[in-house]
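My numbering applies: residue 25 is where the sequence shown begins, and numbers increase by one.
Even glycine gets a Cβ: it sits at the ideal position worked out from N, Cα and C.
Please read all numbers here as calculations on a predicted model, not as lab measurements.
The next block holds one structure in the form of structure tokens; read it before the comments.
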Amino acid sequence: MKFMYFFLPSLPATMEERRTLRPIAHHPERWQRMINEVTEISQLCEDVGFDGVCFPEHHLHSEGIEMGSLPVLTQHVIHNTKHIKVGPIGYVLPGWNPLRLALEIAWLDQLTKGRTFVGFARGYQTRWLNQMAQKIHVGATSSDKSEGDRINREAFEEVFRFLKLAWGDEPFRFKGKYYEYPFPQAGTPWPAHEWTREYGFPGEVDEQGRIQMMNIVPKPYQRPHPTLFQAFSVSEETIRWCAREGIIPTILLPQAPVVRKFVEAYQEEARKAGRNLKLGENTGVVHTVNFGDNKQHARQMANDGVLAAFRVFFHHFGFSEAWREPADEARYPSGKVMLPASEITMERFERSGFSYTGTVDEVRRDFDAMVENAHPEWFIWQGDQGLLPLDIVKAQIRTFGKEIVKRYK
């Protein structure tokens with residue numbers, strides 16, 4: 025098994041400090057503390073045997089939780105570690121100009137000599153995605169099968185198709201619903217056409233001196249491209265799409281029967297695409313982990329850590345079926361479970377299988393059951409950086425490295 029630590033990342037602070045210092049994101053010293061914590065934790069993850077660390081992409085969070093990732097943060101962590109891979113899970117594709125994203129990814133991969141990977145996400149937060157995607161009239165989605173959801177997926181897949189072409193060796197033309205290259209399609213006037221005709225890729229310019237084919241450089245250092253991940257997959261439709269495209273899904277739904285169904289679907293769809301994989305190969309699962317002297321001690325750490333972020337922030341977006349229980353059926357017959365903060369409890373997370381909490385032996389038993397059920401190639405740990413004190417976070421990682429990474433690698 026391979027291991028990855030997932031940062032939110034968050035400006036270090038208690039909930040009370042976030043209230044009294046509001047907006048905490050206006051305090052430069054908190055940003056410096058966060059950057060230092062992310063760097064120290066990444067170095068420790070490397071030391072104890074993790075294969076990667078990763079970040080989401082989110083912006084404008086003045087409250088200081090889930091501050092997101094841009095290529096510069098990835099590059100900073102890579103330059104302060106030795107060999108661990110670093111990247112986003114993932115870039116929110118509808119918010120990116122596909123040409124600019126292809127260039128950002130390739131430059132980062134070249135500068136770090138292949139120490140990055142690429143994750144993709146569709147985007148569910150309106151505060152920033154609706155602003156970034158305004159020119160193409162695409163907004164955030166809650167994956168509710170609505171018209172807006174369809175348009176978001178359409179834009180997502182269009183950007184992805186462009187990236188696959190950009191990473192290839194041949195010049196290309198592209199015309200989608202939202203983007204076209206060259207622009208305009210009749211050709212882009214290029215005064216230096218004689219220079220390009222003699223020294224550039226054959227066919228880039230026509231006899232009238234117009235750019236007719238796109239030739240994206242640099243290409244990634246890793247050929248044909250870095251390892252690809254899909255962020256927090258919750259539907260079989262997404263799992264099967266990932267299998268067809270050779271993307272590693274990070275499965276957010278934690279219940280054992282659902283995970284088993286998904287890894288089997290991935291294996292089946294990959295086989296249809298000509299790739300014979302073992303059960304769980306090229307798939308990942310996402311869980312939280314907290315060790316304690318006993319179950320109650322571990323639960324308290326989890327309750328003060330990432331669970332607090334769910335309680336004060338993430339629950340506003342609704343929970344998927346990942347945390348649905350029989351008692352929820354009457355209130356929420358389908359779709360997302362809009363739980364009040366009072367019902368976001370450690371016990372619910374444990375019952376769903378999302379949180380592994382307890383002594384080393386108890387967490388090991390959870391891991392054994394998960395491995396026996398699905399054999400995932402990747403385990404992604406949803407971490408507590410910025411929510412718990414740094415010394416506690418680092419102690420948890422040391423225990424994880426000693427008791428889990430060495431056991432399952």
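Got a sec, what are the start and stop residues for the beta strand (DSSP E) N314 sits in? Position 290 of the sequence shown holds residue 314. N314: member of the beta strand (DSSP E) spanning G308 to F315, first to last residue.
From what residue to what residue does the alpha helix (DSSP H) around T150 run? Within the sequence shown, the letter at position 126 stands for residue 150. Per DSSP, T150 belongs to the alpha helix (DSSP H) from T150 to M156.
For F391, the first and last residue of its enclosing alpha helix (DSSP H): Numbered from 1 along the sequence shown, position 367 holds the residue referred to as residue 391. F391 -> alpha helix (DSSP H) spans V384 to A398.
I believe F465 touches D75 by the beta-carbon criterion, under 8 Å. Please report the beta-carbon distance rounded to the nearest angstrom. Given that the chain is displayed from residue 25 to residue 433, the structure contains no residue 465 and the question cannot be resolved.
Cα separation between G473 and L123? As shown, the chain starts at 25 and ends at 433. That puts residue 473 outside it, with no answer to give.
Does H107 pass the burial test, meaning 16 or more other C-beta atoms within 10 Å, or should it be called exposed? Start at 1 with the first residue of the sequence shown, and residue 107 comes out as number 83. Per the 10 Å Cβ criterion, exposed.
Which same chain residues, not among the five before or five after L94, have their C-beta less than 8 Å away from its C-beta? For the purposes of this step, residue 94 is taken as the residue at position 70 of the sequence shown. If we look at L94 and ignore the five residues flanking it on each side, its Cβ neighbours are E81.
Delimiting residues of the beta strand (DSSP E) encompassing F184: Locating residue 184 in the sequence shown gives position 160, where the first residue counts as 1. If you look at F184, you'll find it isn't in any beta strand (DSSP E); it sits in the alpha helix (DSSP H) that goes E171 to A190.
Distance, K418 Cα to D408 Cα: Position 384 of the sequence shown, counting from 1, holds the residue named residue 408. Position 394 of the sequence shown, counting from 1, holds the residue named residue 418. D408 and K418 have their C-alpha atoms roughly 10 Å apart.
Could you pull the start and end residues of the beta strand (DSSP E) that I275 belongs to? Here the question's residue 275 lines up with position 251 in the sequence shown. Here the beta strand (DSSP E) through I275 covers I272 to I275.
Counting pairs of beta carbons, one from the region 264-278 and one from the region 218-238, are three or more of them closer than 8 Å? No: the two stretches stay apart, fewer than three of their Cβ pairs being nearer than 8 Å.
Identify the residues that DSSP records as bridge partners of E204: which are they? One-based indexing of the sequence shown puts residue 204 at position 180. For E204, which the question treats as bridged, DSSP gives the partners K199.
According to the neighbour-count rule (16 or more other Cβ atoms, all chains shown, within 10 Å of its Cβ), is S170 buried or exposed? As a first step, residue 170 is located in the sequence shown; it is residue number 146 there, counting from the start. Exposed, because fewer than 16 other Cβ atoms sit within 10 Å of the Cβ of S170.
Using a Cβ distance threshold of 8 Å, determine whether the region 118-135 contacts the region 149-169, with at least three qualifying pairs required. Touching, yes.
Please report the straight-line C-alpha distance between D317 and Q420, rounded to a whole angstrom. In the sequence shown, the residue the question calls residue 317 occupies position 293. In the sequence shown, the residue the question calls residue 420 occupies position 396. Distance between the alpha carbons of D317 and Q420: 12 Å.
Extent of the continuous alpha helix (DSSP H) run through Y29: Counting from one through the sequence shown, the residue named residue 29 turns up at place 5. Per DSSP, Y29 belongs to no alpha helix (DSSP H); it is in the beta strand (DSSP E), K26 to F30.
Candidates P213, I428 and L411, of which the one nearest G233 by Cα: Looking up residue 233 in the sequence shown gives position 209. For the residues P213, I428 and L411, the minimum Cα distance to G233 belongs to P213.
Reduced DSSP secondary structure (H/G/I, E/B, other) of I404: Taking the first residue of the sequence shown as position 1, residue 404 is located at position 380. Correct three-state label for I404: strand.
Beta-bridge pairing of A145 - partner residues as DSSP gives them: The residue labelled residue 145 in the question sits at position 121 within the sequence shown. According to DSSP, which records beta bridges pairwise, A145 is partnered with V116.
Report the three-state DSSP secondary structure of Q254 (helix, strand or coil). Sequence index remark: in the sequence shown, residue 254 carries index 230 (1-based). Looking at Q254 - three-state DSSP - the assignment turns out to be strand.
Should Q56 be labelled buried (16 or more other beta-carbon atoms within 10 Å of its own) or exposed? Along the sequence shown, read from residue 1 onward, the residue named residue 56 stands at position 32. Of the other Cβ atoms in all chains shown, fewer than 16 fall within 10 Å of the Cβ of Q56; this residue is therefore exposed.
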